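In the working numbering, the protein residues as written are 6 to 400.
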Amino acid sequence: FAGAALGRARTARRRAVGARQPARLCRPRAALQATAPGAPVAAEGVETLRYPGLGSDAEVLSRFAQDLAELLKRGETWSWEQAALLVQDATGLMASERSLERIQVPDGGHINVVGDVHGQFFDLFTIWEQFGLPSTTNPYIFNGDFVDRGSFSVETLLTLLAWKIAWPEHVRLARGNHESHSMNVPYGFTGEVLTKYSPEAYAAFQDLFNNLPLAHVVNDHVIIVHGGLPRDPSISLASIEAVDRGDESRDADKIFTDLLWADPCDRPGSNRSQRGEDLATFGPDVTEQFLAANGLGLLIRSHEVKDEGFEWAHSGKCLTVFSAPDYCDSCGNKGAVIRLQVPKEGGPPETVVQTFEATSRPSFYVPSMAYSPMSPACRRFLSQSAKQHLSSMLG
């Protein structure tokens with residue numbers, strides 16, 4: 006499998022929209038290259054923790070989300086019979102939301118914004134410890150790229166969905182460029198799901214991804230998207246809200262692509278991105294014009310690893326947040342979370358940025374990219390069935 010498939014996966018990666026990303030010099034750590042001779046997905050076999058169901062008491066669902074996270078933290082696999090019910094309910098919730106969701110945080114309240122987590126499941130617990138569990142008074146926006154690269158993407162996604170079900174109005178999930186089949190195949194999520202579950206599970210996750218919102222606006226002041234702004238600064242919030250997430254031809258107007266893929270740069274206007282294909286960057290003038298035209302004051306986006314976990318750009322009008330510390334087990338970067346704090350007397354939210362370091366990994370840890378057909382490690386970690394399905398997908 007790994008011989009011919011590696012070449013086909015690299016071809017698929019190049020063909021995937023924007024797969025050619027700017028070089029990032031991250032040195033693999035020798036200690037992680039020797040991690041575990043197998044793929045110990047489940048320490049004690051498949052667990053049958055029962056999903057209470059949408060409509061159950063919020064406190065019951067909150068307790069369930071915590072129990073599920075602890076189960077998965079032990080290295081156990083949750084039964085797909087139960088997981089499928091959770092994914093189905095979460096997909097329905099996502100479908101009921103608009104492409105652009107508006108959120109109103111009360112005076113004196115706050116909301117936490119989390120950037121890319123990329124399947125780094127164990128770092129989620131650091132976020133909970135440092136910023137608190139989701140609740141009606143401690144809401145979260147997870148700004149896309151929940152999966153791929155990190156080899157615990159299934160665990161990460163299921164945990165976020167459990168919290169979404171518990172607090173639908175207080176846990177928001179946005180789509181990133183990696184919530185996509187074209188990215189999941191080369192970057193590991195496909196192989197991980199096929200190894201841990203089945204093609205049926207993978208299809209259910211893709212359906213979920215296709216229903217995720219694309220943008221959030223907080224208190225009519227902050228717009229939050231995964232990638233960046235439309236290359237046409239005259240695009241309105243109403244235009245984003247009207248994007249049909251299920252339309253296969255949606256990329257034709259570029260709004261969808263830019264929201265998931267665009268990067269800020271210092272050069273004015275919209276320019277060709279180093280990521281390749283027909284991807285764009287947006288300059289400070291684009292940010293200024295878009296925010297002014299829509300009565301906004303700040304853009305928060307993710308999509309790019311940053312050494313400190315965050316980076317300001319465009320004269321303080323654009324803020325990148327990245328929440329996967331020591332990205333891919335090799336970059337040595339910090340993670341960050343943004344807290345938008347609304348003053349007690351009202352007014353625009355104030356921006357508070359906090360950083361955190363990568364947490365320790367358990368003995369059964371599977372290194373990043375281990376389920377990717379681009380990685381030689383996939384020979385050890387992919388199941389035989391997953392290899393067959395991936396070979397079929399790669400042609």
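From the three backbone atoms N, C-alpha and C, an ideal C-beta is built for every residue, glycine too.
Note that the coordinates shown come from a computational prediction; the quantities given were computed from them, not determined experimentally.
For tryptophan 317, the enclosing beta strand (DSSP E) begins and ends at 315-318. Under DSSP, serine 275 shares a beta bridge with Phe287. Residue environment for valine 357: exposed (fewer than 16 other C-beta atoms within 10 angstroms of its C-beta). Secondary structure at alanine 95: helix, using DSSP grouped into helix, strand and coil. Contiguous beta strand (DSSP E) elements confined to the stretch 318-400 occur at 323-326, 340-346, 355-361, taking only those with 3 or more residues. If you compare the alpha carbons of His123, Arg107, Ile170, Arg154 with that of aspartate 94, the shortest gap goes to Ile170. Distance check between valine 190 and each of Glu205, Val176, Val152, Pro235 places Val152 closest, using alpha-carbon atoms only. Aspartate 150 counts as buried, since at least 16 other C-beta atoms from the protein chains shown sit within 10 angstroms of its C-beta. Approximately 7 Å separates the beta-carbon atoms of valine 122 and aspartate 128; this is inside 8 Å, confirming the contact.
The alpha-carbon of leucine 77 is positioned some 39 Å away from that of lysine 349. DSSP places valine 190 in no beta strand (DSSP E) but in the uninterrupted alpha helix (DSSP H) bounded by 186-192. Distance from aspartate 331 to alanine 382 at the Cβ level is roughly 18 Å; contact not present, criterion being Cβ atoms closer than 8 Å.
In this structure isoleucine 116 is in contact with valine 223, their Cβ atoms being roughly 6 Å apart against a cut-off of 8 Å. Counting along the chain, no beta strand (DSSP E) covers tyrosine 207; the unbroken alpha helix (DSSP H) around it starts and ends at 204-214. Secondary structure at serine 140: strand, using DSSP grouped into helix, strand and coil. The count of Cβ pairs closer than 8 Å, one atom from the stretch 177-192 and one from the stretch 227-238, reaches three, so the stretches are in contact.
Proximity of the stretch 313-325 to the stretch 255-272 meets the contact definition, three or more beta-carbon pairs being nearer than 8 Å.
DSSP lists Val119, Leu178 as the beta-bridge partner residues of phenylalanine 147.
Distance from isoleucine 245 to serine 101 at the Cβ level is roughly 18 Å; contact not present, criterion being Cβ atoms closer than 8 Å.
Between proline 238 and glutamine 294 a beta carbon distance of about 4 Å is seen, short of the 8 Å cut, so the two are scored as contacting.
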